[in-house]
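> Start counting the sequence shown at 9; every next residue gets the next number (my numbering).
Each residue gets a CB set at the ideal place from its N, CA and C atoms; glycine is no exception.
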Amino acid sequence: MANKTNAYILSKKESGESDLVVTFYSNTFGKIDLFVKSARKSKKRFQGKLENSNQYSIEFVKAKKINSLNSLTSIEQAKNIRFYEFDKSIYIYRSIILEMIDKFEIDNQPNSEVFSLMDFFYLNINSNNEIKKIKTTVKTINKYLKINGVQPTIKKCYSCKKDLINIKFFDLKNGGSVCNKCRLKNKPFILNLNKPINTKTLNRDFNYLNNLLIILLKFCEYHSGKIFNSVKYLRVI
Ligand SMILES: [Zn+2]
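Pasting the structure below:
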């Protein structure tokens, strides 16, 4: 019997001579790996349908043998989402979000909040406005960390709760921005920012948002215990 769900593609791996193993994040089943037979040979069947730029409606059948992967049998673009033109920053931000979900999620643990967050990201990232795109990305990471119970404090010191005008230090382990006084308590996990982030102009300053994005990704790396390859695409300021 076929299983149906809507899903986004998180990553793809080559398998054998012409097959693929595609990792999806699906609405009904959470993160799943599906075997796609002859995906690299039969161009017609899957052309333009195994890209990470869209939401798909997919069908798969359960493997007959234990320890074998389930097989994708059908994939169609979900009608409600537009296909985006190639855009370098959309490509980078999308890689970051997909890598984050791929690295944090556990197989077969569906979470409708995570799926809705992906909808939010795909809907809002489609823009020509660089500030809007990076804000959508920062917001998506923040919300995702909140769902996972590790949302960092940004504009206040996480320890004494004092509002910060400039973020100079960030504590990766204990939960976010930290003031000069409180940082001395947890020295080994402190990031020292070369260029402090001004919290008053953060929302309209691309460089500040870019630096905050890098900090959030370091935070993700720390809490997942995994290296994020997509970070290297970001311009370090
Ligand atoms: Zn403090």
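1. For lysine 170, verify whether its CB is less than 7 Å away from any heavy atom of ligand 1.
2. Per DSSP, what kind of secondary structure is lysine 12 in: helix, strand or coil?
3. Helix, strand or coil for aspartate 127, going by three-state DSSP, please let me know.
4. Can you pull the DSSP bridge partners for phenylalanine 32?
5. Excluding the 5 residues flanking glutamate 121 on each side, which residues of the same chain have their C-beta closer than 6 Å to its C-beta?
6. Assuming contact is defined by CB atoms lying nearer than 8 Å, are serine 232 and serine 103 in contact in what I supplied?
7. Quick check for students: name the residue ranges of the alpha helix (DSSP H) that lie wholly in the region 172 to 221, counting only runs of 4 or more.
8. Under a Cβ-count criterion, where at least 16 other Cβ atoms within 10 Å of its own Cβ denotes burial, should phenylalanine 123 be classed as buried or exposed?
9. Using DSSP bridges, identify the partner residues of threonine 161.
10. What three-state label does DSSP hand glutamate 121 in the structure shown?
11. Taking 8 Å as the threshold (C-beta atoms), are phenylalanine 197 and leucine 180 in contact?
12. At the level of alpha carbons, what is the spacing between valine 69 and leucine 220?
13. Under the DSSP definition of a beta bridge, which residues are partnered with aspartate 95?
14. Determine the burial state of lysine 96: buried for a count of at least 16 other Cβ atoms within 10 Å of its Cβ, exposed for fewer.
15. What would DSSP say about leucine 80, mapped onto helix, strand or coil?
16. Nearest to leucine 58 by CA position, among Thr81, Gly38, Lys151, is which residue?
17. With respect to 7 Å, is the separation between the Cβ of lysine 189 and the closest non-hydrogen atom of ligand 1 below this value?
18. Restricting to Cα atoms, I'd like to know which of Ile149, Arg212, Tyr64 is closest to phenylalanine 227.
With the structure as the only source:
1. yes
2. strand
3. helix
4. Ile17, Ile40
5. Ile155
6. no
7. 188 to 191
8. buried
9. Gly184
10. helix
11. yes
12. 42 Å
13. Looking at the DSSP assignment, aspartate 95 forms no beta bridge with any residue, so it has no partner.
14. exposed
15. strand
16. Thr81
17. yes
18. Ile149
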